[in-house]
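**Student:**
Residue numbers (UniProt numbering): 1 to 397.
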């Protein structure tokens, strides 16, 4: 990946403090390795609990469980495969894994993985030569959506991975690292365009290239103006605002850490922009629809009525600062997924008890899984997928 691409996809581009490490060049040779990590949650933070590195032949270089310094509040076993029992006697620390990594990986080596920015962020390691299968392969809907590793392995490798996600046993970081490596090997054989939607074009590029606006000046001469877009992006790399998108995108991207910054950036940057994309996330974080990222610095303890009021106030402020004749579209993306999550958790625990040989017929009703709960899960999933859209034209006063 180029430096531009790494910045665009939120890769760590600098050593943040003395807990971070950076790979160094030891010789002119370059080798290819693949890595995958498993995370658990400590409050709102993700913490490293397993790291697996394999070489180009698929041999395991190291596969270490890690005991985080922070207290784990959620093992996220369905995805991580980590349990309290697995980590009970583990003494390996993050610092020891960092040293294993630095001892093996040179700055000249190429590191393969899927959404590697997350792994490097939790490892607290800066490494600039990477191949990310979430980027070199396209989602079937095209960017900015990213394909899952599970989907890529099924589609291009005819492999079923991460089956532990369905059974509750979680992922294997060794399996995931090997899948990423196999996808890169296939890319090497088949060519750069393999796995890419070659006909897909970024909406920003399409709008800019198709737009040909002229406006009347004071002397009635026509003057061409650019179609410039603005993307206000939640990210923990605010200092990367100097990143410049490809010129034919005509796009300015700015970074924020909370919803107040979203509105402030909109007000300061909207002038001269013809297409603006932004997202307010305070409500979903406070309602626990998803885990707030580490860089989010807003509050997480608002009452529901206060959340509604704050969101409405921000929408009103955005609308008031729109240029005249603007089309204002508000889209909710989804409804609350909490009931869906609750039922999925019941099913996951029930299936694990079945695998462990427990007599599930003796479970209390609220812990059992039956046809009625399966139907309820289908209904709650359909509800969670519903969304709302509001459209208003701000007309000339």
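For glycine and all other residues, C-beta sits at the position ideal for the given N, C-alpha and C.
According to DSSP, what are the bridge partners of residue 308?
**Tutor:** Answer is none; residue 308 lacks a bridge partner.
**Student:** With DSSP as the reference, label residue 231 as helix, strand or coil.
**Tutor:** Here residue 231 sits in strand by DSSP.
**Student:** Can you give me the Cβ contacts of residue 238 inside the same chain, cut-off strictly under 6 Å, excluding the 5 residues immediately before and after it?
**Tutor:** For residue 238, the predicted structure reports a pLDDT of 48, less than 50, and the residue's modelled location is therefore unreliable. The matter cannot be settled from this model.
**Student:** Determine the direct distance from the alpha carbon of residue 110 to that of residue 147, and round the result to whole angstroms.
**Tutor:** Going from the Cα of residue 147 to the Cα of residue 110 covers about 21 Å.
**Student:** Would you say residue 269 lies against chain C (beta-carbon separation less than 8 Å)?
**Tutor:** Looking for chain C here will not work: only one protein chain is present.
**Student:** Would you say the segment 202-211 touches the segment 73-81, given that touching needs at least three Cβ pairs under 8 Å?
**Tutor:** Contact fails: fewer than three Cβ-Cβ distances are below 8 Å.
**Student:** Assign residue 31 to buried or exposed, taking buried as 16 or more other Cβ atoms, counted over all protein chains shown, within 10 Å of its Cβ.
**Tutor:** By the neighbour-count rule (16 or more Cβ atoms within 10 Å), residue 31 is not buried but exposed.
**Student:** Which of the three DSSP states, helix, strand or coil, is assigned to residue 216?
**Tutor:** Low per-residue confidence applies at residue 216: pLDDT is 37, beneath 50, and the placement is therefore not dependable, though the value from the model is reported in the following sentence. DSSP places residue 216 in strand when its eight states are reduced to three.
**Student:** Within a Cβ cutoff of 7 Å, which residues of the same chain sit near residue 331, ignoring the five residues on either side of it in sequence?
**Tutor:** Within the same chain, residue 331 has close Cβ partners 387 and 389.
**Student:** Could you give the residue range of the beta strand (DSSP E) that holds residue 389?
**Tutor:** Element bounds for residue 389: 389-394.
**Student:** Name the residue from 72, 90, 58 and 46 whose alpha carbon lies nearest to the alpha carbon of residue 64.
**Tutor:** Ranking the options by Cα distance to residue 64, first place goes to 90.
**Student:** Suppose the cutoff is 6 Å on Cβ atoms and the five residues either side in sequence are ignored; what does the same chain contact list for residue 51 look like?
**Tutor:** Taken in chain order, the residues that qualify are 37, 64 and 97.
**Student:** For the segment 44-85, which segments carrying the beta strand (DSSP E) assignment without a break, of at least 3 residues, lie completely within its bounds, in sequence order?
**Tutor:** The segment 44-85 contains these whole beta strand (DSSP E) runs: 45-55 and 60-65.
**Student:** Check whether the Cβ atoms of residue 56 and residue 126 lie closer than 8 Å to each other.
**Tutor:** Taking 8 Å as the Cβ cut-off, residue 56 and residue 126 do not qualify as a contacting pair.
**Student:** What's the gap between the Cα of residue 281 and the Cα of residue 259?
**Tutor:** Spanning the two alpha carbons is a distance of roughly 7 Å.
**Student:** Label residue 263 either buried or exposed according to how many other C-beta atoms from any shown protein chain fall within 10 Å of its C-beta, with 16 as the threshold for buried.
**Tutor:** Residue 263 is buried by the Cβ-count criterion.
**Student:** Which value, in whole angstroms, describes the spacing of the CA atoms of residue 218 and residue 326?
**Tutor:** Note on residue 218: pLDDT 42, under 50, position unreliable in the model; the coordinate value appears next. Roughly 23 Å between the two C-alpha positions.
**Student:** Just to confirm my understanding: we take residue 92, look at its own chain, exclude 5 residues before and 5 after, and list those with CB closer than 7 Å. What are they?
**Tutor:** Here the set comprises 64, 65, 66 and 67.
**Student:** Inspect the CB distances between the segment 372-379 and the segment 312-320 and report whether three or more fall short of 8 Å.
**Tutor:** As far as the Cβ criterion goes, the segment 372-379 does not touch the segment 312-320, which means the pair count is below three.
**Student:** At 4 residues or longer, and completely inside the segment 353-385: list those alpha helix (DSSP H) runs for me, N to C.
**Tutor:** You should have 371-384.
**Student:** Determine the closest residue to residue 385 out of 338, 356 and 348, with distance taken between C-alpha atoms.
**Tutor:** Nearest of 338, 356 and 348 to residue 385, Cα basis: 338.
**Student:** So the alpha helix (DSSP H) residue 102 belongs to, where does it begin and stop?
**Tutor:** Taken as a continuous stretch (DSSP letters only), the alpha helix (DSSP H) holding residue 102 covers 94-104.
**Student:** Along the chain, where does the beta strand (DSSP E) containing residue 36 start, and where does it finish?
**Tutor:** Here the beta strand (DSSP E) through residue 36 covers 32-42.
**Student:** Can you give me the Cβ contacts of residue 296 inside the same chain, cut-off strictly under 7 Å, excluding the 5 residues immediately before and after it?
**Tutor:** The residues are 257, 258 and 285.
**Student:** Are the segment 119-136 and the segment 155-163 in contact at 8 Å, needing three or more beta carbon pairs?
**Tutor:** Short answer: they don't touch.
**Student:** What does the Cβ neighbour count give for residue 226, buried or exposed, with the cut at 16 atoms within 10 Å?
**Tutor:** Exposed, because fewer than 16 other Cβ atoms sit within 10 Å of the Cβ of residue 226.
**Student:** Report yes if the CB atom of residue 275 is closer than 8 Å to the CB atom of residue 321, and no otherwise.
**Tutor:** Result no, Cβ atoms of residue 275 and residue 321 do not sit closer than 8 Å.
**Student:** For residue 46 and residue 233, what's the separation of their Cα atoms in angstroms?
**Tutor:** Computed Cα separation, rounded: 21 Å.
**Student:** Are residue 248 and residue 269 close, meaning C-beta to C-beta below 8 Å?
**Tutor:** Going by C-beta atoms, residue 248 is not nearer than 8 Å to residue 269.
**Student:** Closer than 6 Å by C-beta to residue 19: which residues in its own chain qualify, once you throw out the five before and the five after it? Chain order, please.
**Tutor:** Cβ within range, chain order: 124.
**Student:** Spatial neighbours of residue 347 within its chain, please: CB distance less than 6 Å, with the 5 preceding and 5 following residues excluded, ordered by chain position.
**Tutor:** Closer than 6 Å at Cβ, skipping near neighbours: 369.
**Student:** Looking only at C-alpha atoms, which of 160, 180, 201 and 181 sits nearest to residue 143?
**Tutor:** Of 160, 180, 201 and 181, the residue nearest in Cα terms is 201.
**Student:** Kindly give me the distance between the Cβ atoms of residue 328 and residue 394, rounded to whole angstroms, as I take these residues to be in contact under 8 Å.
**Tutor:** Correct: roughly 6 Å between the Cβ atoms.
**Student:** Which class does residue 149 belong to by DSSP, given the choice of helix, strand or coil?
**Tutor:** Reduced to three states, the DSSP call for residue 149 is helix.
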